[in-house]
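Chemist: Chains as they are written, first to last, in my numbering: chain A, 4 to 223; chain B, 4 to 223. We treat Cβ as the ideally placed atom computed from N, Cα and C, and that holds for glycine. Below you'll find the structure I mean.
There are 2 protein chains.
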Amino acid sequence: MRKIPLLSDLSDEEIIKVKGEMRYRHFPKRAVVLHKGGTGDALLFLLSGQLQVIDVTEDGRAVGLRMLAAGDFFGEIALINASTRSASVVATTEVLVAFLPASTALHLFSHSPSVAHKMLGHLAQKIQRDSEFRALLSINNTTRRIYTYIALMQQTEDKDGRRVVENLPTHQDIANMINTSRETVTRALLVLAQQGIVQKDAHRLIILDPDGLQRLAQGG
Amino acid sequence: MRKIPLLSDLSDEEIIKVKGEMRYRHFPKRAVVLHKGGTGDALLFLLSGQLQVIDVTEDGRAVGLRMLAAGDFFGEIALINASTRSASVVATTEVLVAFLPASTALHLFSHSPSVAHKMLGHLAQKIQRDSEFRALLSINNTTRRIYTYIALMQQTEDKDGRRVVENLPTHQDIANMINTSRETVTRALLVLAQQGIVQKDAHRLIILDPDGLQRLAQGG
Chain A
4 MRKIPLLSDL
14 SDEEIIKVKG
24 EMRYRHFPKR
34 AVVLHKGGTG
44 DALLFLLSGQ
54 LQVIDVTEDG
64 RAVGLRMLAA
74 GDFFGEIALI
84 NASTRSASVV
94 ATTEVLVAFL
104 PASTALHLFS
114 HSPSVAHKML
124 GHLAQKIQRD
134 SEFRALLSIN
144 NTTRRIYTYI
154 ALMQQTEDKD
164 GRRVVENLPT
174 HQDIANMINT
184 SRETVTRALL
194 VLAQQGIVQK
204 DAHRLIILDP
214 DGLQRLAQGG
Chain B
4 MRKIPLLSDL
14 SDEEIIKVKG
24 EMRYRHFPKR
34 AVVLHKGGTG
44 DALLFLLSGQ
54 LQVIDVTEDG
64 RAVGLRMLAA
74 GDFFGEIALI
84 NASTRSASVV
94 ATTEVLVAFL
104 PASTALHLFS
114 HSPSVAHKML
124 GHLAQKIQRD
134 SEFRALLSIN
144 NTTRRIYTYI
154 ALMQQTEDKD
164 GRRVVENLPT
174 HQDIANMINT
184 SRETVTRALL
194 VLAQQGIVQK
204 DAHRLIILDP
214 DGLQRLAQGG
């Protein structure tokens, strides 16, 4: 339990209470762990495997939003807002998921200073990311808009210390998100690859030169 | 102090501590209370008057994001993320603003259950709004995209119980935000007015028939 960052600073007493209320469930690869529109009756923790948050658009296309790794929690927004799930979560490998009932989770959020602190930081970062995304939409130069979008994408570090976008949406999805054409996205990514700034590899994008990307995004 | 919703459930002891650390300042109409890019060294409360949160785009246009009323707090994101201010805040009337130093505010956020609870609810609602906005961008039908955007705008209730968008952006700003032309926005608003769904009045938009708007947004 102490390996889950959100819970790592709980008191022994709190850990015992949380342990007693956790429920565990295995899901096979491709299973839907959370359904968009469902009720927010638990906070979820990914204990092993990998999950993908996906949204289904009006016209039925599934857009991958972000990946979750072991130790991550999810499903907190519907819980806090007492609203329905705003996206679906799908297993991309076999996974083990822990469920903490809403009432216990909500009590922790406001009564455990360490959890409150981490949860506020988590939400404030999401908001900052969304506000950067909104600002991005006002960039008139299409190519710079694409570069800025790539620079803002969630990045992880691989074994070699390189920054990697693990879950690159399709060129069409990127085009839809930031209001341009698929062809323009393809062309911009090609230019970045030719300049040695990124390297594409199936659904991953390796950012070889983050500073160079930043310079291009800022119009340099 | 008890009239500020965020602080209304503090203990007497907490109220005394907070009171002792608050600093107050008057600003004239049109003064800039927070500067985009400045440091997040305080949580701010609007005690009287009205403020507008504005963002300045790449090409120097000021876009009004939302209005703040007496009792509202602001500037919490930069504080929690230890980042710079992501937008500016400008006085639209003469205002009285209270400043609570960052360290005291951050301590309250995680150690006062009532503040933690309210702050989490506040942030989670912002996130839900941003995610609805993102989903809106994937609506292919332009007119429905405009209707959905209007339905999602921050609304207050006027004396007669009508829902009012107090701070309607210009048609050009709306067009920029949701990827369409100014002419299309003007036309869509005209159709809504002709159908008796909205009524325009300087910078306010009165939503006379919220259900009708919702139906049109959903393509009915």
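So what does B:S91 bridge to, in DSSP terms?
Modeler: B:I57
Chemist: So which residues on chain A does B:T189 lean against when the C-beta distance must stay under 7 angstroms?
Modeler: Those do not exist, as B:T189 stays about 20 angstroms from chain A at its closest Cβ, beyond 7 angstroms.
Chemist: Give the secondary structure of B:M25 by DSSP, where H, G and I count as helix, E and B as strand, and everything else as coil.
Modeler: coil
Chemist: Output the distance between the C-alpha atoms of A:G164 and A:I209, rounded to the nearest integer angstrom.
Modeler: 11 angstroms
Chemist: Taking the straight line between their C-alpha atoms, what separation do you get for B:L139 and B:E17?
Modeler: Each residue's Cα considered, the two are about 42 angstroms apart.
Chemist: Figure out for me which residue from A:A127, A:L46 and A:P104 has the closest Cα to the Cα of A:G74.
Modeler: Of all alpha-carbon atoms in A:A127, A:L46 and A:P104, the one lying nearest the alpha-carbon of A:G74 is that of A:L46.
Chemist: Taking 7 angstroms as the threshold (C-beta atoms), are A:G124 and B:I83 in contact?
Modeler: Yes, they are a contact pair.
Chemist: Excluding the 5 residues preceding and the 5 following B:L99 in the sequence, name in chain order all residues of the same chain whose CB lies nearer than 7 angstroms to its CB.
Modeler: Y27, H29, L50, S51 and G52
Chemist: Hey, how far is the Cα of B:S106 from the Cα of B:H114?
Modeler: 12 angstroms
Chemist: Along chain A, in chain order, which residues have C-beta atoms closer than 8 angstroms to that of B:L123?
Modeler: Under the 8 angstroms cutoff, chain A gives I83, F112, S113, A119, M122, L123 and L126.
Chemist: Would A:S141 count as contacting chain B if we go by Cβ distances under 7 angstroms?
Modeler: Taking Cβ atoms only, chain B reaches closer than 7 angstroms to A:S141, which makes this a yes.
Chemist: So, helix, strand or coil for A:S134, using DSSP?
Modeler: helix
Chemist: I'd like to confirm the pairing. Which residues does DSSP put opposite A:M70 in its beta bridges?
Modeler: A:Q55
Chemist: Using beta-carbon positions only, say whether B:L37 and B:S91 come within less than 7 angstroms of one another.
Modeler: Cβ atoms of B:L37 and B:S91: closer than 7 angstroms.
Chemist: Can you give me the Cβ contacts of B:Q175 inside the same chain, cut-off strictly under 6 angstroms, excluding the 5 residues immediately before and after it?
Modeler: R185
Chemist: Rounding to the nearest angstrom, what Cα-Cα distance links A:L155 and B:H120 in this structure?
Modeler: 29 angstroms
Chemist: Can the beta-carbon of B:T145 be found less than 7 angstroms from the beta-carbon of B:T187?
Modeler: yes
Chemist: When burial is assigned at 16 or more other CB atoms within 10 Å of the CB, is B:N143 buried or exposed?
Modeler: exposed
Chemist: Do B:F76 and B:L13 come within 7 angstroms of each other at the CB atom, strictly closer than that value?
Modeler: No.
Chemist: My output table needs one value for A:I209: the three-state DSSP class, helix, strand or coil.
Modeler: strand
Chemist: Chain A partners of B:D58, CB-CB under 9 angstroms?
Modeler: S134, R137, A138 and S141
Chemist: Note down, in chain order, every chain A residue with its Cβ under 7 angstroms from the Cβ of B:I1.
Modeler: In the structure as shown, chain B begins at 4 and stops at 223. Residue 1 of chain B is therefore absent and cannot be evaluated.
Chemist: From the DSSP output, in three-state form, read off B:Q157 for me.
Modeler: Coil.
Chemist: Spell out whether any CB of chain A is found under 7 angstroms from the CB atom of B:P8.
Modeler: Not one chain A Cβ lies under 7 angstroms of B:P8.
Chemist: I'd like the span of the alpha helix (DSSP H) that includes A:Q197, first residue to last.
Modeler: R185 to Q197
Chemist: On a CA-only basis, which of B:P172, B:S134, B:K129 and B:D214 is nearest B:D58? Give me that one, please.
Modeler: B:P172
Chemist: Less than 7 angstroms between CB atoms is the rule here; does B:P116 satisfy it with respect to chain A?
Modeler: Yes, its Cβ sits closer than 7 angstroms to a Cβ of chain A.
Chemist: Using a Cβ-Cβ distance under 7 angstroms, would A:S89 count as near chain B?
Modeler: yes
Chemist: Go ahead and label B:I153 buried or exposed: buried means 16 or more other beta carbons lie within 10 angstroms of its beta carbon, across all protein chains shown.
Modeler: It is buried - the Cβ of B:I153 has at least 16 other Cβ atoms within 10 Å.
Chemist: Give the residues of chain A in contact with B:N179, contact being defined as C-beta atoms less than 8 angstroms apart.
Modeler: L140 and S141
Chemist: Of all Cβ atoms in chain A, is any one closer than 7 angstroms to the Cβ of B:N182?
Modeler: yes
Chemist: Report the neighbours of A:S86 on chain B: residues whose CB is nearer than 7 angstroms to its CB, in chain order.
Modeler: Going along chain B in sequence order, the residues near A:S86 (Cβ under 7 angstroms) are Q131.
Chemist: In the DSSP assignment, what are the bridge partners of A:V118?
Modeler: None, per the DSSP bridge assignment.
Chemist: So, for B:V21: in the same chain, excluding its five sequence neighbours on each side, which residues have a beta-carbon less than 8 angstroms away from its beta-carbon?
Modeler: M4, L10, L13, L103, T107 and L111
Chemist: So B:L211 and B:G199 are in contact, right, with Cβ under 8 angstroms, and what is the actual spacing, rounded?
Modeler: 6 angstroms
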